[in-house]
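Going by numbering that gives the first Met the number 0, the sequence shown opens with residue 0, and the numbers climb by one from there.
The beta carbon of each residue, even a glycine, is placed where N, CA and C say it ideally should be.
Please read all numbers here as calculations on a predicted model, not as lab measurements.
Here's the structure we're looking at; comments come further down.
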Amino acid sequence: MIALSLPTAQAADNFSYTDEQFADIQMLRYQVPGFDQLTLRQKTLVYYLQEASLSGRDILFDQNGRYNLRIRRAFEKVYADYKGDRTDNDFRAFEVYLKRLWFSSGIHHHYGCKKFHADFSETWLRNALQSVGASLDEAIYPVIFDDSVMSMRTNQKDGDDLVLTSAGNYYAPGITQAEAEEFYAQRKPAGDPHPVMMGLNSRLQRNEWGMLEERTYRVGGLYDAALSRVVHWLEKALPYADSPMQERVIRKLIEYYRTGDLRTFDAYNILWLKDTDATVDFVNGFTETYGDPLGMKASWEGIVNFKDLAATTRTEKLSTNAQWFEDNSPVDARFKKEKCKGISAKVITAAILSGDLYPSPAIGINLPNSDWVRRDFGSKSVTIGNLTAAYAKAARGSGMGKEFIIDDQTRQLVEQYGDLTDDLHTDLHECLGHGSGKLLPGTDPDTLKAYGATIEEARADLFGLYYVADPKLTELGLTPNMEAYKAQFYTYMQNGLLTQLVRIKPGNNIEEAHMRNRALIAHWALEKATQEAKANGGQPAVELTKRKGKTYVRVNDYAALRTYFGQLLAEIQRIKSEGDYEAARNLVENYGVKVNSTLHKEVLARYEKLNLSPYKGFINPRYEAVYAADGSISDVRLSYGEGYAEQMMRYSRDYSFLPDVNE
Ligand code: ZN
């Protein structure tokens, strides 16, 4: 049993995690491990729920801009039917534009919000459209070709009228920020302990008398055609619900889509967060409000997922042994917890992504967003294991390892054990590290002030580093041998000393707490090694060394490095337990903040040569149902081979339900 539950990260497979690159985008793929182990009933549920997810696709395009659907459809017709030269500059620029449009669900950048510049000519487009029997309203040409028209999707610039200057479709044209704010201020109920998230599921527009009113996203309202399809598939899913609570969840969601009532939405969320028994789970709806400059109106998104049982087994092993880890840690007995309880991290496997989670998803989910629901009922928080793994695997093939790891032997070590020990380090950090140790009586938890977050992350990371090298993990069946941890030690030092610098702009210091903590640990250990070598002679346990003008990390003594991590853990726990502000400040300022500008320049130059795209997104797998004679599903087949354009054209063919104009 123990050997079987080893994570399978080192298993060789031929799956390709990276796909095409265009503009500033790298397309990736993710696997859905464990799908085949689901029961037919669960597979059927996943199938219906992913249909419900994909059916909402058009909604986000329309929310992101009122011309997006028309532009997408006209462009897809050209893409499919154009008989002219498909290799000339205009067509190629057009193709990149269309892929960016698909990626962003609209004509603005998904992250920066700036409108795409068209690198093909207007004349070319007019001819191409005519040649395939398509057309666009005259008013839409400047939307494509004039960079000053609808230039930002969500404008957040202080001082601008954020509503008037945002091209997103949450407010009808001509509505000002002041009008919208007043509309909602008047409707805010005073003293309601359970306030709904006002404006969440509607567009604000003018009625025939010029007065503002909400047009609600619901069956029979705005986006009726798409939401009716979503409801159709949710109804199909109902009989296959994974728990009695989940059946109530799905029913409540259907009721909400039918009524658009935000109180029903709150009730749905409460049921959803209470449902922790179901193996298969989902998010489907108007959820995050980043796309609205006023932060009220939510974009549509969907994800279907199921519990990652292997990862959960892993974290359960750690949490049931929490007291052992606490008792055996290198920190002073005064700072240890007498009764220690680990938490079991919840890891899920994504089966499909859609709406605002596709193709560029979050790797964790923490919902619902309603403040009062979170206050009174809590929230569900999960990490999406197969997406994290896909990012890591794709990074492996990126050339970073070849460029920054010192030699073949170390590269092999990282290749073999890197993923496995990285997951374990994260588990140790989350399940045990943050929960370990205690404050001395009378220590104010806020004493460390601005340095508190970095010290806390360093504490959890060091707990993970110290224990990933412990024979106890091999005994528990979590590491295969006492070699594996070296992969984690090497990549940790390499990241803290070198590669995390690629995320810092030249001339800047390190600001973010997790990055500061990694720099702190790595630089502290490096200095310690240098001092010990000076005092005792011999090689330092870890050093920075140059080969052919390039700087590398070299670890000469992994066991000694573990001792340093243990010593620093003991010191950082002391700082935290005693609330020693001065010591916290010294550690962070001396080791975690400053950047060596010569080294920084070198790292940036080496990174730039690798030509890596700053933004990444995932192509979805494909699910096909096999139907029995009685119409029920007898099997669900999962495949990965589809190309990005192929997937987008299929979605536009099979899941496009909204009219061009939605008012
Ligand atoms: Zn943490």
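{"Asked": "Residue environment, Asp355, which counts as buried when at least 16 other CB atoms sit within 10 Å", "Found": "buried"}
{"Asked": "Residue closest to Val95, alpha-carbon to alpha-carbon, out of Gly83, Tyr78 and Pro470", "Found": "Tyr78"}
{"Asked": "Runs of beta strand (DSSP E) wholly within the segment 463-516 (minimum 3 residues, chain order)", "Found": "none"}
{"Asked": "Ile70 versus Arg605 - alpha carbon distance", "Found": "40 Å"}
{"Asked": "CA-to-CA distance, Met197 to Pro658, given in whole angstroms", "Found": "27 Å"}
{"Asked": "DSSP state of Ile1 mapped onto helix, strand, coil", "Found": "With a pLDDT of only 27 at Ile1, under 50, the local geometry of the prediction cannot be trusted, and the value read off the model is given with reservation. Looking at Ile1 - three-state DSSP - the assignment turns out to be coil, as it is neither helix nor strand."}
{"Asked": "Residue span of the alpha helix (DSSP H) that contains Gln646, given as start and end", "Found": "Tyr643 to Asp653"}
{"Asked": "Contact test: Ala518 Cβ vs the ligand ZN heavy atom, cutoff 6 Å", "Found": "no"}
{"Asked": "Segments assigned alpha helix (DSSP H), at least 4 residues, entirely inside the segment 288-344", "Found": "308-319 and 321-326"}
{"Asked": "Minimum length 4: unbroken alpha helix (DSSP H) runs contained in the segment 78-132", "Found": "88-103 and 121-130"}
{"Asked": "Bridge partners - Asp634, DSSP secondary structure assignment", "Found": "Val625"}
{"Asked": "Length of the line joining the Cα atoms of Thr478 and Tyr557", "Found": "16 Å"}
{"Asked": "For Arg28, three-class secondary structure by DSSP", "Found": "strand"}
{"Asked": "Identity of the residue in Gln176, Met647 and Val148 nearest Asp157 by Cα", "Found": "Gln176"}
{"Asked": "Check: Ala512 C-beta below 6 Å from any heavy atom of the ligand ZN", "Found": "no"}
{"Asked": "Start-end ranges of the alpha helix (DSSP H) lying completely within the segment 386-462, minimum 4 residues", "Found": "399-403 and 407-426"}
{"Asked": "Ala457 beta carbon near the ligand ZN (any heavy atom closer than 6 Å)", "Found": "no"}
{"Asked": "Segment contact flag, the segment 158-166 with the segment 212-225, C-beta cutoff 8 Å, min 3 pairs", "Found": "no"}
{"Asked": "Contact set for Met0: own chain, Cβ-Cβ below 7 Å, skip 5 residues either direction", "Found": "Low confidence applies here, because Met0 scores a pLDDT of 25, under 50, leaving its location unreliable; read the following figure in that light. Cβ within range, chain order: n/a, list empty."}
{"Asked": "Sequence-distant residues of its chain with Cβ nearer than 6 Å to Arg99 (five each side left out)", "Found": "Ala22 and Phe115"}
{"Asked": "Boundaries (first-last residue) of the beta strand (DSSP E) holding Ala349", "Found": "Val346 to Gly354"}
{"Asked": "Burial state of Phe564 (16 or more Cβ within 10 Å)", "Found": "buried"}
{"Asked": "6 Å Cβ shell around Ile351 - same chain, five flanking residues per side excluded", "Found": "Gln49, Ser52, Val303 and Asn619"}
{"Asked": "Distance between Arg621 and Gln646 (C-alpha atoms, nearest Å)", "Found": "9 Å"}
{"Asked": "Touching by the beta-carbon criterion (3+ pairs, under 8 Å), the segment 509-524 and the segment 482-496", "Found": "yes"}
{"Asked": "Collapsed DSSP secondary structure at Met244 in the structure displayed", "Found": "helix"}
{"Asked": "Identity of the residues DSSP links to Lys549 by a beta bridge", "Found": "Arg546"}
{"Asked": "Neighbourhood of Ala528 by C-beta distance below 6 Å, restricted to the same chain and skipping five residues each side", "Found": "Pro539, Ala540 and Val541"}
{"Asked": "Touching by the beta-carbon criterion (3+ pairs, under 8 Å), the segment 445-460 and the segment 426-436", "Found": "yes"}
{"Asked": "Stretch-stretch touch, CB-based, cutoff 8 Å, three pairs: the segment 224-231 with the segment 249-269", "Found": "yes"}
{"Asked": "DSSP three-state assignment for Glu212, whether helix, strand or coil", "Found": "strand"}
{"Asked": "Residues of its chain near Phe34, where Cβ-Cβ distance is below 6 Å and the 5 sequence neighbours each way are ignored", "Found": "Leu637"}
{"Asked": "Neighbour-count burial assignment, Ser631, 16 or more Cβ in a 10 Å radius", "Found": "exposed"}
{"Asked": "Member of Ser103, Phe102, Gln20 and Phe74 whose CA lies at the smallest distance from the CA of Phe90", "Found": "Phe74"}
{"Asked": "Distance between Ala240 and Gly463 (C-alpha atoms, nearest Å)", "Found": "38 Å"}
{"Asked": "Close-in-space but distant-in-sequence residues of the same chain around Lys338 (CB under 8 Å, 5 per side omitted)", "Found": "Gln322"}
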